[in-house]
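Going by my numbering, the residue at position 68 of the sequence shown is 110; the numbering climbs one at a time, nothing skipped.
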Amino acid sequence: MRVLGNYLIILVATALLQFFMPWWTIAVVPFLVCLWRSGHPAVAYAVSLAAVSTVWLAYATFIHNSTQGNMSDRIAELFSLPSGTALLFSVTLLSGLVAGFAGMAGYYVRQLFVKEPLTIRT
Numbered sequence: 043m044r045v046l047g048n049y050l051i052i053l054v055a056t057a058l059l060q061f062f063m064p065w066w067t068i069a070v071v072p073f074l075v076c077l078w079r080s081g082h083p084a085v086a087y088a089v090s091l092a093a094v095s096t097v098w099l100a101y102a103t104f105i106h107n108s109t110q111g112n113m114s115d116r117i118a119e120l121f122s123l124p125s126g127t128a129l130l131f132s133v134t135l136l137s138g139l140v141a142g143f144a145g146m147a148g149y150y151v152r153q154l155f156v157k158e159p160l161t162i163r164t
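#1: Assess, as a yes-or-no matter, whether the stretch 68-87 is touched by the stretch 124-136 under the definition of 3 or more beta carbon pairs within less than 8 Å.
#2: Fully enclosed by the stretch 99-163, which beta strand (DSSP E) runs are 3 residues long or longer?
#3: Count the other CB atoms within 10 Å of the CB of Ile-68; is the residue buried (16 or more) or exposed (fewer)?
#4: Between Pro-83 and Met-146, how many whole angstroms is the CB-CB distance? I'm expecting something under 8 Å.
#5: When the Cβ atoms of the stretch 114-124 are set against those of the stretch 54-62, are three or more pairs found closer than 8 Å?
#6: What's the call for Trp-98, buried or exposed, on a 16-neighbour Cβ count within 10 Å?
#7: Since Trp-78 is in the alpha helix (DSSP H), which residue starts that stretch and which ends it?
#8: According to the neighbour-count rule (16 or more other Cβ atoms, all chains shown, within 10 Å of its Cβ), is Asn-48 buried or exposed?
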């Protein structure tokens, strides 16, 4: 249940803050949520990646469809990508990676202040 809660908090907060704040809020929100509520670094990474990727894919798809793909295709040409659809998936992957590493960093920063350090099982 905590995983779904983290996913929804990151999803909603990122979607709302993207209207008013710069793009790098995709790193701040997962960092703070995983600093507060995360239980494992892999889960923090996966939840952050999934939530922000969902937001950016939905928003990029909306823009792509509302311009009939013209804007996406022109930007894709600037980056030497084959099509606007490739741009959508590239942006989604990049935003997910940024958010995933930020979420995992939030978890590890929390571990600095917890009395019981993370134990790695072999």
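Idealized CB from N, CA, C, for every residue including glycine.
So, from the listed chains and residues:
#1: By the Cβ test, the stretch 124-136 is not in contact with the stretch 68-87, since fewer than three Cβ pairs between them sit closer than 8 Å.
#2: Counting whole runs of 3 or more residues, the stretch 99-163 contains no beta strand (DSSP E) stretch at all.
#3: Classification of Ile-68: buried, given that the 10 Å Cβ count is 16 or more.
#4: About 5 Å separates the two Cβ atoms, so the contact holds.
#5: The answer is no - the stretch 54-62 does not touch the stretch 114-124, with fewer than three Cβ pairs under 8 Å.
#6: Looking at its Cβ environment, which holds 16 or more other Cβ atoms inside 10 Å, Trp-98 is buried.
#7: Counting along the chain, the alpha helix (DSSP H) containing Trp-78 begins and ends at 67-79.
#8: Asn-48 is buried by the Cβ-count criterion.
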